[in-house]
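Residue numbers (UniProt numbering): 1 to 263.
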């Protein structure tokens, strides 16, 4: 579900309107509703979700600012949760945009992903333009690319290690220079975004496997689950995580580094 006009649903109190004045040649105007672009508008709107404490704690809802996703395992459970949520929405006079709502779908697109009860995969349409982009030519462009790629890092094994040459370009004292290893890292990440594997939703009744790597200058871990496909056990990825080793962590021994990976 999508909250209609987002922040505009929040009324600006009489006391606060003076801070949102607009002075033009024909007079002075004040916002009566929260406008878009105000620094704390998203967090203020997010606080409206406090009307769903139980639903959030039970894992029935996923909320990101003005997007509300209802999660369930059965039809009956879905109808029950949906009824509760809509009742609470009505009780606070919140409005939703029906043309942007999807009800009772087994799969949907959300926050750049295609989500179902079985898997999580990158929305190909969201990353299609990445293949057309050339190697960034300045720090601002490389930061923009890393921000975009980093959003999907859970889909890319050893992301931190692969992206290390590009992150070095963002250092304050580093002169921006396009080298072979940096071009290779960029092209690998660009391709990885469009070929990333489907991530399995965990089944807590099945066996899990964790692989860790604390070699080099980065920490990495991968969570897999064993599925039986055609009578054979097959490992399917659930989550990849990695980051660079901090200077204070570099003094740790091998065993401590492996424990840090698990942590």
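Note that CB positions come from ideal geometry on N, CA and C, so glycine has one too.
Residue 149 and residue 242 do not touch by the CB rule: their CB atoms are close to 13 Å apart, not below 8 Å.
The C-beta of residue 259 has fewer than 16 other C-beta atoms within 10 Å across all chains shown, which makes the residue exposed. Under a 10 Å Cβ-count criterion, residue 180 is classified as exposed, with fewer than 16 other Cβ atoms of the shown protein chains found around its own Cβ.
A contact between stretches requires three or more CB pairs, one per stretch, nearer than 8 Å, and the stretch 192 to 200 meets this requirement with the stretch 120 to 133.
Annotated as distal: residue 185 and residue 169, with beta-carbon spacing of 7 Å or more. Bridge pairing for residue 212: 221 [DSSP]. With contacts defined as CB atoms closer than 7 Å, residue 42 and residue 65 qualify as a contacting pair.
Counting only runs of 4+ residues, the alpha helix (DSSP H) found wholly inside the stretch 100 to 161 occupies 124 to 127, 139 to 151, in chain order. In the DSSP assignment, residue 169 falls outside any alpha helix (DSSP H), carrying neither H nor E. When DSSP states are grouped into helix, strand and coil, residue 64 belongs to the strand group. Counting C-beta pairs closer than 8 Å gives fewer than three between the stretch 204 to 222 and the stretch 134 to 141, which falls short of the contact rule.
DSSP places residue 42 inside the alpha helix (DSSP H), whose first and last residues are 41 to 46.
At the C-beta level, residue 8 and residue 47 stay beyond 7 Å of one another.
Of the candidates 192, 13, 111, 192 places its Cα closest to the Cα of residue 162.
Here residue 188 has 162 as same chain residues with Cβ atoms under 7 Å from its own Cβ, once five neighbours each way along the sequence are excluded. Secondary structure at residue 253: coil, using DSSP grouped into helix, strand and coil. In the structure shown, the three-state DSSP call for residue 196 is coil.
Where residue 244 is concerned, the enclosing beta strand (DSSP E) starts and stops at 232 to 244. Taking 7 Å as the cut-off, the beta carbon of residue 1 is found no closer than this to the beta carbon of residue 71. Separation of residue 10 and residue 250 (C-alpha to C-alpha, rounded to the nearest whole angstrom) is 49 Å. With a cutoff of 7 Å on beta-carbon distance, residue 221 and residue 96 are scored as not near each other.
With respect to the C-alpha of residue 6, the residue from 26, 87, 37 having the closest C-alpha is 37. In this structure, the straight-line span from the alpha carbon of residue 105 to that of residue 131 is close to 30 Å. Contact annotation: residue 262 and residue 238 have beta-carbon atoms that are not nearer than 7 Å. Secondary structure of residue 15 (DSSP, three-state): coil. Annotation: residue 175 to residue 57 spans about 48 Å, alpha carbon to alpha carbon.
Close CB contacts of residue 244 within its chain, under the 6 Å cut and outside five residues either way in sequence, are with 160, 218 (chain order).
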